[in-house]
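Structure record follows, encoded as structure tokens.
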Amino acid sequence: MAKESFDKEIQFLRMLSLTSGAYNRKQYAERLGISVHTFDKTQRRLKEIMQTVTDQRSGSEPNKEMADLVRFQYGESAEPMLLFLFRAKSMKETEVQRLSVLLHTLQDQALTAMELLDACCAELPEELALPDEKTIRSDLKYLEEVGVIRKEPGGRPYRYLLQQDVLTGLSVEEQLELYDFVDIMANTQVPSVQGYILRDSLKKAIAASYPQEEAIEPFIYKYHYYSRILDEAHLYTLLSAIRQRKHVKFLYYSPKKPSSYSSQNTNPRFEREAGGRSNRIVPLEVVYDHQYGRWYVIGYQGRRGFVKFRMEGITQLEEQDSIEEGYMLELKQQWAEISRYSWLVDTGNTVTVQARFFHPQDSQRNFILDRVRLQGQWGTITPETEHTFLYEIQVNGITEIKPWLRSFGSSCEVIAPQRLRQEMIKEWKEIAQYYESVREDVQLPDDDEIE
Amino acid sequence: MFNYQMMTRLNETGLFTWTSQERAWLRMMLNHPAAPEALHPDTLHKMHDMLDAEQDLDLQDYLTEKAKSEENSVFHPLLKPLRQMILHHQGFRLTGRVRNGRISQDQFGYPYKLEYSMVKKEWYVLWYAPLYNKLMSTKLHSIITAEAQPLQPETASQYAAKISILTENRKTTVTIEVLPEFNQELSRILYAFSCFEKQVEFVEAQQTYRIELTIPRNEMDYVLSKMRFLGKRVRIANNAALRERMSETAAKVLARYAETELEAMPERTSGGVRSHPIEKPFANADDSDSA
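Same order as they appear, the protein sequences are chains A and B.
Going by the working numbering, the first sequence wraps up at 455, each residue one higher than the last.
Going by the working numbering, the second sequence wraps up at 326, each residue one higher than the last.
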């Protein structure tokens, strides 16, 4: 079976969905580090996959640009458009035909490998070469490995049956109930790709009993970073490497660099700016950052010590040799200690941040306090005056907490450390400058005049 | 399963397949506190039985979530009945607590979506109020009762048509410019805006990115909070009202700091209570949350 690797497709789709419309073909290709020809080819392929997948749901428009197809449409649907990437696994046409005959044959009864071979021979179109026993056995092994079929208890010759108890074991109402549950969990929890895929199959299952559109799209999710699901393609490989204590190797493209991928092309024209940097690490932990919707992998890399990589920059991920258990455990403990006070993944010096928050005026509900409670992680809240409360937290470095504090605008005043306070004042002065022209009726105190 | 052509073929005959990864995921989710609330005890029991033999993912040992809003509950008991009303195109009579502590009695409405805010971790029902021809959004937590109300199919489809017109009318655009010196951080900035409908434009001559967001008008405060979150990297390019608000915020913040600096001086020990007006709250000020 073809190895599952979507490196190019992931980078491609991420760029399209994040920067939708910004570049022309040539600019996209350049930034992706591929030729315009490869760009077009990839685009055609993805469009085809997407149309095949979506056509069954709704009549998709064939002439739409790829960027429009992957664009996030809030409120229309909770359908994660980028999910189709996970259907992009390439398979030979003959494999597709054979596997689907096998599964269809197993739909109603448990059968042995030999019986399945007969069925395959009978059902496959004549122009195809007939499969032999070995091929059927390896197909069955694959299907068993991914868990779609299982062996019936009992001895040889084994009889195989389809794993579809979730349909046969549940009533129509229960299927709908399960569909709702899966929809909610896939959309509110991480990881979610497996849930989205399950939701997809369940949707088809319930469609027979509930044909109306309201049956499948009753929920929508606000402020959802749906591009996060692209990076989940690496997640399971990484999690399994951590679980099995394996080194991993990958090529990393820093998201700060303009190019994000480069083909393993033999054409020297495209080789020059490969840009990616090869890394081999002991993977220790995966971190999901809810603030931006990004994934990180944390690892240990010899002389460089603990390292953090953003999942979006990882390509050509490979599992390698094993790591000794004690060593890995020790590293994990060290990392747990170091990252204890990381707002996200910063491992800078631990400082105590203190901020004063101001209650909203003329409002019954204290939404500022609610928000600090909801998002303030391990910080503590102490009432101060009738109008204010204090928030205190120990964090590693001030960079990662700063945007959050700043997002409160004038409802938050940083008190300590002094450096953060000064940075805050400086930034707000700069921001004020951006909007100078509209500021005429706002009088600033003298000492706040522009430096 | 993993291949689109394969999936198409299986779908043609309504064949249901699921892999062990999907089952392991579901098993993990069934251990979430939301499961017993969301599923009937019988369904839950059946599912547990079915998935008992599956792999246990134990993700908590490898996967850490950071900067997450505290999650009280991902399920709400009213989801089920409201979902049924939406499914069957019914109206409802709603009694609930409104913001100032009053009870709003027996309002007639037509529910059309259930919306979850990833930021506030709250469920809302979106509904249409024919009496005022307005779209409403009500937190499930503030609903006391919601009683189903049968509707004629024609009425329901009239309401649905109104809803789509009103939704469209509510949309507005905001253009945000990334300051070219922060182009290196483009990825981070675009991730932060990826929860909005948007279109990006790149002006090559100036190396400037302009992000045009299309949002419902009542989400302005959330956009502003995102702008404050990203700070000096971005600026609102086109919307006078929002520019005004940003300017006002900056002025208020600076005044805030100036005031405490003054207070800190020994000769000026006037009372600690601030008399500065807070930024004027918009109608939906409590939606001004940040992710």
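Cβ coordinates follow ideal geometry from the N, Cα and C atoms, glycine included.
Predicted model only: the values in this text are computed from it and were never measured.
Run the CB neighbour count on residue i, radius 10 Å, all protein chains shown included, and call it buried at 16 or more, exposed below.
i, result
"W53/B", "buried"
"I179/B", "exposed"
"T354/A", "exposed"
"D44/A", "exposed"
"P272/A", "The pLDDT assigned to P272/A is 43, lower than 50, so where the model puts this residue is not dependable; a value taken from the coordinates is nonetheless given after this. Answer is exposed; the Cβ neighbour count stays below 16."
"E289/A", "buried"
"A245/A", "buried"
"R232/A", "buried"
"D84/B", "exposed"
"L201/B", "exposed"
Leaving out the 5 sequence neighbours to the left and right, which residues in its chain are closer than 8 Å to residue i when beta-carbon positions are compared?
i, result
"E218/A", "none"
"K101/B", "none"
"E177/A", "none"
"P259/A", "R314, E316 and G317"
"M82/B", "L61, L65 and L74"
Please report the distance separating the alpha-carbon of residue i from that of residue j.
i, j, result
"R128/B", "I397/A", "45 Å"
"A126/A", "Q47/A", "37 Å"
"D112/A", "Y164/A", "11 Å"
"V269/B", "N66/B", "42 Å"
"A133/A", "C124/A", "11 Å"
"A326/B", "P161/A", "Residue confidence for A326/B is low, a pLDDT of 30 falling below 50, so the modelled location carries little weight; the figure read from the coordinates is stated next. Roughly 56 Å separates the two Cα atoms."
"Q90/B", "A59/B", "6 Å"
"F217/B", "T295/B", "31 Å"
"Y439/A", "A240/B", "23 Å"
"Y304/A", "G37/A", "29 Å"
"T294/A", "P195/A", "Per the sequence presented here, residue 294/A reads as His, with Thr not at that position. Rounded to the nearest angstrom, the two C-alpha atoms are 12 Å apart."
"S108/B", "R314/A", "29 Å"
"K156/B", "Y240/A", "26 Å"
"L243/A", "Y97/B", "7 Å"
"A195/B", "Q142/B", "18 Å"
"E203/B", "A181/B", "27 Å"
"E322/A", "V286/A", "12 Å"
Short of 6 Å in beta carbon distance, which residues of its chain neighbour residue i, apart from the five on each side in sequence? Order them along the chain.
i, result
"E404/A", "W347, L348 and D350"
"M85/A", "V74"
"R245/B", "T210, E212 and E236"
"A164/B", "G144 and M171"
"F51/B", "none"
"N274/B", "V209"
CB-CB under 7 Å to residue i, same chain, minus the five flanking residues each way: which ones, in chain order?
i, result
"I271/B", "V209, I211, M262, L277, R278 and M281"
"Q168/A", "none"
"P185/B", "Q125"
"I201/A", "F90"
"L110/A", "I153, Y164, L165 and L166"
Per DSSP, residue i is paired with what?
i, result
"C416/A", "F361/A"
"F393/A", "F361/A and P387/A"
"K174/B", "Y159/B"
"G131/B", "S139/B and I178/B"
"L23/B", "Here chain B comprises residues numbered 36 to 326, so residue 23/B is not present and cannot be evaluated."
"P287/A", "G303/A"
"I153/A", "L166/A"
"V355/A", "V399/A"
"Q184/B", "G126/B"
Please confirm whether residue i has its beta-carbon closer than 8 Å to some beta-carbon of chain B.
i, result
"L243/A", "yes"
"H108/A", "yes"
"G63/A", "Low local confidence applies: a pLDDT of 49 at G63/A is under 50, so the model's placement there is unreliable, with the coordinate-based value given in what follows. So, not an interface residue."
"F313/A", "no"
"K208/A", "yes"
"D293/A", "yes"
"M189/A", "yes"
"Q168/A", "yes"
"D184/A", "yes"
"R48/A", "no"
Taking 8 Å as the threshold (beta carbon to beta carbon), is residue i in contact with chain A?
i, result
"T54/B", "yes"
"S199/B", "no"
"A164/B", "no"
"R62/B", "no"
"Y292/B", "yes"
"E232/B", "yes"
"K109/B", "The amino acid occupying residue 109/B in the given sequence is Val; Lys does not appear at that position. It does: the Cβ of V109/B has a partner Cβ on chain A nearer than 8 Å."
"E203/B", "no"
"M255/B", "no"
I want to check one thing, is the minimum distance from the CB of residue i to the heavy atoms of the ligand COA below 7 Å?
i, result
"S222/B", "This structure lacks the ligand COA, and indeed carries no ligand of any kind."
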